[in-house]
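Numbering (this note's numbering), first residue to last: 41 to 135.
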């Protein structure tokens, strides 16, 4: 799976988790989002999706930690997720 595919998968599962919270009239917060992602991770059997859930969870944790130190700019959560993905992904060599 390419880096762009991994980023898209992380974006998709994040969106699905947020939609689930909204559809169930749950509060949308960092804790709620992490909880939903962890719940989804527990029931997921696909290795790539499990990795994407872990990346998303780590990204939300990192983004939340940044919020206590600085004011965010638009797109910061997505950038935080991409940074997490880049740190957790082995180098991809195209042949």
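We put the beta carbon where it would ideally sit given N, CA and C, even for glycine.
Helix, strand or coil at residue i [DSSP, three-state]
i, result
"residue 64", "coil"
"residue 83", "helix"
"residue 41", "coil"
"residue 108", "coil"
Burial state of residue i, where buried means 16 or more other Cβ atoms lie within 10 Å
i, result
"residue 41", "exposed"
"residue 46", "buried"
"residue 105", "exposed"
"residue 112", "Note on residue 112: pLDDT 49, under 50, position unreliable in the model; the coordinate value appears next. Flag for residue 112 reads exposed."
Proximity of residue i and residue j at Cβ, strictly below 8 Å
i, j, result
"residue 65", "residue 72", "no"
"residue 49", "residue 89", "yes"
Cβ-based neighbour list, residue i, same chain, cut-off 6 Å, excluding 5 preceding and 5 following
i, result
"residue 54", "96"
CB-CB length for residue i against residue j, believed under 8 Å
i, j, result
"residue 62", "residue 68", "7 Å"
Nonlocal neighbours in the same chain, by C-beta distance under 8 Å from residue i, ignoring five residues either side
i, result
"residue 74", "97, 100 and 101"
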